[in-house]
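The listed protein sequences correspond, in order, to chains C and E. Numbers in our numbering are just positions in the first sequence, counted from 1, shifted up by 412. Numbers in our numbering are just positions in the second sequence, counted from 1, shifted up by 37. Ideal placement from N, C-alpha and C gives every residue a C-beta, glycine not left out. A short worksheet on the structure shown next.
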Amino acid sequence: MKKSKVFWMYFVAAIIVYAVIQGMITGGQLDQYYSNLLILMSINVILAVSLHLVIGITGQFSIGHAGFLAVGAYISAICTMKFDLPFFAALLVGAIVASVAGLIVGIPSLRLKGDYLAIATLGFAEIIRIIFLNTDYVGGAAGMPINQLTTWTYAFFSLLLTVVVIANFTKSRHGRACVAVREDEIAADAMGINTTYYKVVAFALGSFFAGLAGGLFSHQFFLIQPTQFGFLKSFDILIYVVLGGLGSLSGAIIAAVLLTMVSMYLTDFPETRMIIYSLVLIIVMLYRPSGLMGTKEITDYFKFGKRSKGGNLDDK
Amino acid sequence: MEWVQQLVNGISLGSIYALIALGYTMVYGIIKLINFAHGDVFMIGAFIGFYAISGWGLGFFPALLIAMVACAIFGVLVERIAYKRLRNATRIAALITAIGVSLFIEYGMIFIRGAQPEAYPDVLSNKTFNFFGANISSQSLMILSVSVGLMLILQFIVHKTKIGKAMRAVSHDAEAAKLMGINVDNTISATFAIGSALAGAAGVIFGVYYTKIDPLMGVIPGVKAFVAAVLGGIGIIPGAMVGGMVLGVVETVVSAIGFSLWRDAAAFVILILILIFRPSGIFGKNTREKV
Chain C
413 MKKSKVFWMY
423 FVAAIIVYAV
433 IQGMITGGQL
443 DQYYSNLLIL
453 MSINVILAVS
463 LHLVIGITGQ
473 FSIGHAGFLA
483 VGAYISAICT
493 MKFDLPFFAA
503 LLVGAIVASV
513 AGLIVGIPSL
523 RLKGDYLAIA
533 TLGFAEIIRI
543 IFLNTDYVGG
553 AAGMPINQLT
563 TWTYAFFSLL
573 LTVVVIANFT
583 KSRHGRACVA
593 VREDEIAADA
603 MGINTTYYKV
613 VAFALGSFFA
623 GLAGGLFSHQ
633 FFLIQPTQFG
643 FLKSFDILIY
653 VVLGGLGSLS
663 GAIIAAVLLT
673 MVSMYLTDFP
683 ETRMIIYSLV
693 LIIVMLYRPS
703 GLMGTKEITD
713 YFKFGKRSKG
723 GNLDDK
Chain E
38 MEWVQQLVNG
48 ISLGSIYALI
58 ALGYTMVYGI
68 IKLINFAHGD
78 VFMIGAFIGF
88 YAISGWGLGF
98 FPALLIAMVA
108 CAIFGVLVER
118 IAYKRLRNAT
128 RIAALITAIG
138 VSLFIEYGMI
148 FIRGAQPEAY
158 PDVLSNKTFN
168 FFGANISSQS
178 LMILSVSVGL
188 MLILQFIVHK
198 TKIGKAMRAV
208 SHDAEAAKLM
218 GINVDNTISA
228 TFAIGSALAG
238 AAGVIFGVYY
248 TKIDPLMGVI
258 PGVKAFVAAV
268 LGGIGIIPGA
278 MVGGMVLGVV
288 ETVVSAIGFS
298 LWRDAAAFVI
308 LILILIFRPS
318 GIFGKNTREK
328 V
């Protein structure tokens, strides 16, 4: 009973946050600049959380997340621009195709470990980008013009869906199996966990939400080009997860929000922004390799003095 | 006889990849780190060579030497500052640091001198030979002979000198090497120095051959050189040479048959195929995982 009560409490809080911001956007207190910032923030949080599932929870080091973002972005753009599907359906189709792409990439490459997996995912992401670059149907290198359809409502509810699904997945028995794979794959295998299955499931689910973010992304910026989905985009997403703490959902969210704001302020100085990003990566890895939050969640800090009666994974 | 010409072009390109791949494979062999910043050391080498040639009016060989020495120092600095503390960190932490260092070098360079490309001055006279009906430029032969010469020197260092013996010992078993009185830190630094010097040389050669350099030029050749290293079997020095040559030839063939836009994809397709079917590479031995 109590757990579902907490869940509904958070849910109501989220709806209130949504309603307040929506009211401020329609009321005109938040201008175009800030509503765009909020939408971009939501997209980045979705990306961060979806990669968190792959790297933080399942421990599979993928640095090709921008590839799935690209699949979602292009497929949903094709749906709205060429087939006149409603935006909602286009988002869904984009996400599903991205998760299929995740399956296709994941099944062969998840046999690899560590560094090799990282390089293979990077390679797949590049291949996806080069395919779009050479497809004239989606405009090739010149890019594809798209109507702006993303609104705060779409962005927020996609974000909510992502966080709820991934948080609940993590707490379920499947999520715990994924954590076991992260901690020690051989031991997990010995305990009867089908490690390949869980790795692929986590990868496909992560790709699904990356594709969802892709749909929002493409309908936010009027034009998508293959160059937007290169190495740098993957590293952008990676840094959210690394900075937030490998294995912390709230850490990934906080890092994505903070870094989106930082990069928004530094849009006029792109190289300064990249220097700051790279220094953050290096310094965090040298002095605090577990990231800002480690594997803790922010809610853990509100539980002082309370003793949970067993069974809570997050309590140490 | 066009294919002979393509073959020579492919091997020239491949020898550049091979020079970069050697640094990857040596560093990976010794500390199991994919040094993502290696492609950027290559870029730094190209720029140092450029300034040496156009600024000080030096010839090709002095510029090559200066670039190699400067890159060796640069590589050791990167290793001492960033990677040394990570010896006992997780592989993922080391990999992320390497990505960070790579981005830092690229954008630091853009910050210092701007992102505009430079045109490399002509230092090697370019004559074209007619060799059994194929037109072969003296430049590509020169590049090929310089690269092969450097690889022979590398083989000599690794197999005939004391530091080479130490490098092989450390890559085999760092703990045991330490017990035998080998200074592991210095050996690792020496590995970085040699690998970076080769990357610097590759940078100058690349500049002379392709005549255009810019601060982000190291990214794609860096990744492709890594593919070459994996193809040959990472950690194995002859593997990197063969892998680089094979990759160069494949890319040239893909461009020659009219798919030049897919050239970059070819390297990644090779990478994925090799990772799936033979992860230890052409020359690698299968190592069994122990629990």
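- Residue-level contact by beta carbon holds for methionine 686 of chain C and chain E, with a gap shorter than 8 Å.
- Runs of the alpha helix (DSSP H) lying entirely within the stretch 176-264 of chain E and spanning at least 4 residues, in chain order: 199-209, 211-216 and 221-247.
- When DSSP states are grouped into helix, strand and coil, alanine 152 of chain E belongs to the coil group.
- By the neighbour-count criterion, in which 16 or more other beta carbons inside 10 Å mark a residue as buried, phenylalanine 98 of chain E falls on the exposed side.
- Of all residues in the stretch 518-540 of chain C, the ones placed with a Cβ closer than 8 Å to any Cβ belonging to chain E are Pro520, Ser521, Arg523, Leu524, Gly526, Asp527, Tyr528, Ala530, Ile531, Ala532, Leu534, Gly535, Phe536, Glu538 and Ile539, in chain order.
- In the three-state reduction of the DSSP assignment, serine 174 of chain E falls in the strand class.
- Around the beta-carbon of serine 660 of chain C, 16 or more other beta-carbon atoms lie within 10 Å, marking it buried.
- Listed along chain C are Ile694 and Leu698, each with a C-beta nearer than 8 Å to that of alanine 119 of chain E.
- Nearest neighbour of isoleucine 451 of chain C by Cα position, chosen from C:Gln441, C:Phe473, C:Gly471 and C:Trp564, turns out to be C:Trp564.
- At a cut-off of 8 Å between beta carbons, isoleucine 53 of chain E makes no contact with chain C.
- Look at methionine 705 of chain C here: in three-state DSSP terms it is coil, with no helix or strand label.
- Under the three-state reduction of DSSP output, isoleucine 636 of chain C falls in the strand class.
- Taking C-beta atoms as the reference points, isoleucine 467 of chain C and leucine 658 of chain C count as a pair closer than 8 Å.
- Below 8 Å, too few C-beta pairs join the stretch 293-302 of chain E and the stretch 246-254 of chain E to call them touching: fewer than three.
- Cβ proximity to chain C below 9 Å picks out Tyr65 from the stretch 55-67 of chain E.
- Near chain E, meaning a CB-to-CB distance below 9 Å, the residues of the stretch 470-496 of chain C are Gly471, Phe473 and Ile475.
- Chain E places no beta carbon closer than 8 Å to that of tyrosine 446 of chain C, leaving this residue out of the contacts.
- Closest by C-alpha distance to arginine 700 of chain C, out of E:Ala131, E:Ser91, E:Ile313 and E:Ala89, is E:Ala131.
- In chain order, Phe73, Ala74 and Asp77 place their CB closer than 6 Å to the CB of serine 139 of chain E, counting only its own chain and leaving out the 5 sequence neighbours on each side.
- Interface criterion not met: the Cβ of phenylalanine 615 of chain C is under 8 Å from no Cβ in chain E.
- Using a Cβ distance threshold of 8 Å, serine 462 of chain C and threonine 574 of chain C count as a contacting pair.
- Counting only runs of at least 4 residues, the stretch 105-158 of chain E fully encloses the following alpha helix (DSSP H) elements, listed from N- to C-terminal order: 128-150.
- DSSP assignment within the stretch 519-560 of chain C yields the following whole alpha helix (DSSP H) runs of 4 residues or more, N-terminal first: 526-545.
- The continuous stretches of alpha helix (DSSP H) do not include serine 91 of chain E, and DSSP gives it neither H nor E.
- Here the alpha carbon of serine 177 of chain E sits roughly 14 Å from the alpha carbon of methionine 282 of chain E.
- In this structure, the straight-line span from the alpha carbon of valine 432 of chain C to that of leucine 497 of chain C is close to 30 Å.
- For arginine 685 of chain C, same chain residues with a beta-carbon under 6 Å away, outside a window of 5 residues either side, are Ser675 and Leu678 in chain order.
- Ranking C:Gln441, C:Ile688, C:Lys583 and C:Leu561 by CA distance to the CA of glycine 626 of chain C puts C:Leu561 first.
- Distance between aspartate 210 of chain E and lysine 69 of chain E, taken at the CA atoms: about 12 Å.
- Interface residue (Cβ-Cβ distance to chain E less than 8 Å): serine 690 of chain C is classified as such.
- At a cut-off of 8 Å between beta-carbon atoms, tyrosine 144 of chain E makes contact with chain C.
- Proximity of the stretch 507-525 of chain C to the stretch 306-315 of chain E meets the contact definition, three or more beta-carbon pairs being nearer than 8 Å.
- According to the DSSP assignment, aspartate 496 of chain C belongs to no alpha helix (DSSP H), since it is labelled neither H nor E.
- Proximity of valine 674 of chain C to chain E, defined by a Cβ-Cβ separation below 8 Å, is not satisfied.
- Pairwise C-beta distances place the stretch 619-633 of chain C in contact with the stretch 480-494 of chain C, as three or more of them are shorter than 8 Å.
- Taking 8 Å as the CB threshold, glutamate 595 of chain C stays off the interface with chain E.
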